[in-house]
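Below is one structure, written out as structure tokens; comments come after it.
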Amino acid sequence: MSVKIGNIDLGDFPLLLAPMEDVSDPPFRFVCKQNGVDMMYTEFISSEGLIRDAAKSRQKLDVFEYERPIGIQIFGSDIEHMREATEIATQAKPDLIDINYGCPVKNVACRGAGASLLQDIDKMVAMTAAVVKATHLPVTVKTRLGWDDNTKNVYEVAERLQDVGIQALTIHGRTRSQMYKGVADWTLIREIKRNPRIQIPIFGNGDVDSPEKAANWRLEYEVDGIMIGRAAIGYPWIFREVKHFFETGTFLEGPTINERVDVCATHLRKSIEWKGPKTGIFEMRRHYANYFKGIPNFKEYRMKLVSLESVEDIEDVLHEIRNKFDTVAV
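Residue numbers (the numbering used here): 2 to 331.
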């Protein structure tokens with residue numbers, strides 16, 4: 002049976018790309034879409050930034066037809082500002098609006114936004130209700146298990162947010178205090194999925210980094226879909242590999258050097274198209290090490306890639322990598 006968010010049909014068991022700050026921009030989303038992701042989200046966008054018409058926040062609203070279905074994720078600490086930001090985001094014509102109640106970083110959570118709302122469920126519920134009323138689009142939420150080990154309150158959160166109208170919930174299997182350390186615990190996610198009151202799709206997030214783990218956790222934790230974040234950075238093939246394993250029970254061979262170079266070059270080109278040459282080249286530097294992870298004796302080429310300032314020079318180095326490592330197993 003298909004998983005649906007409103008009228009959005011995501012198929013039997015969707016794979017979602019997590020909204021990651023400074024990662025999940027349109028160039029990165031493009032290469033993930035090419036490799037089979039079922040739904041994506043923008044980087045999280047500050048409600049304050051949207052209201053102030055800040056250029057960086059406004060740019061993050063860019064969505065493209067080939068990305069659909071795609072959600073715009075917003076965060077903030079003020080209910081009225083979140084309502085206004087929802088109206089602004091709706092005008093960008095995404096397929097849904099997602100609220101971030103999970104970001105653990107200090108400059109978000111300690112300012113009353115992101116995971117901070119897990120300490121004030123009444124405010125979270127009021128904020129969510131305001132967002133739902135401010136748009137005709139489906140509203141979804143991404144959150145964590147709780148603030149810390151003593152306040153794992155996501156079971157209550159799931160019921161109350163469903164009651165005010167959210168249409169899907171993604172749960173990262175860590176508390177805010179864990180940040181990204183330790184091991185994600187999906188047992189509470191399974192309890193929520195088993196709750197007879199819960200009728201909306203429940204997606205699991207955290208530590209899925211292989212096709213085998215995705216398949217095992219799909220069965221063990223009974224979720225409606227899986228959201229993948231860090232494992233996709235520099236490795237968008239994770240989505241096609243997981244789908245292949247679901248369908249066949251066998252592992253798809255990893256990308257060749259040619260594929261790694263091709264996708265990296267596509268990512269670079271899209272980055273330049275969207276951000277301009279200077280910023281596009283500079284911000285692409287964070288991705289090279291991940292695209293070529295595991296290749297022996299690669300340091301010299303990585304140092305070149307992160308220092309060059311012209312697309313022609315970078316393409317020359319990528320061509321050199323293609324020729325030098327084409328027989329290397331990775």
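Cβ coordinates follow ideal geometry from the N, Cα and C atoms, glycine included.
The structure displayed is predicted, hence computed values, not measured ones.
Note to self: For a quick check, are the C-beta atoms of G255 and H288 less than 7 Å apart?
What the structure shows: no
Next item on the list: Work out the CA separation of C33 and M40 for me, nearest whole Å.
Entry: 10 Å
Checklist line | R145 - DSSP class collapsed to helix/strand/coil | finding: strand
Next item on the list: Please say whether I89 and L51 have beta carbons closer to each other than 7 Å?
Entry: yes
Note to self: On the CB-based measure, 16 or more other CB atoms within 10 Å of its CB, does S117 come out buried or exposed?
What the structure shows: buried
Note to self: Can you find the residues in the same chain that come closer than 6 Å, C-beta to C-beta, to L62, ignoring five residues on each side of it along the sequence?
What the structure shows: A93
Next item on the list: Decide yes or no for the touch test of the segment 41 to 49 against the segment 74 to 86: beta carbon pairs closer than 8 Å, at least 3 of them.
Entry: yes
Notebook entry, point to check: Can you tell which of P197, A130 and R219 has the C-alpha that lies nearest to the C-alpha of G205?
Noted result: R219
Notebook entry, point to check: In whole angstroms, what is the alpha-carbon distance linking E310 and Y42?
Noted result: 30 Å
Next item on the list: Can you tell me which of the three DSSP states V140 falls into?
Entry: strand
Notebook entry, point to check: Which parts of the segment 66 to 90 are runs of the beta strand (DSSP E), unbroken and 3 residues or longer, counting only runs that do not cross its ends?
Noted result: 71 to 76
Next item on the list: Assign D102 to one of three DSSP states: helix, strand, or coil.
Entry: Note that residue 102 is Tyr in the sequence shown here, rather than Asp. Y102: strand per DSSP, three-state reduction.
Margin query: DSSP three-state label for K5, please.
Written below: strand
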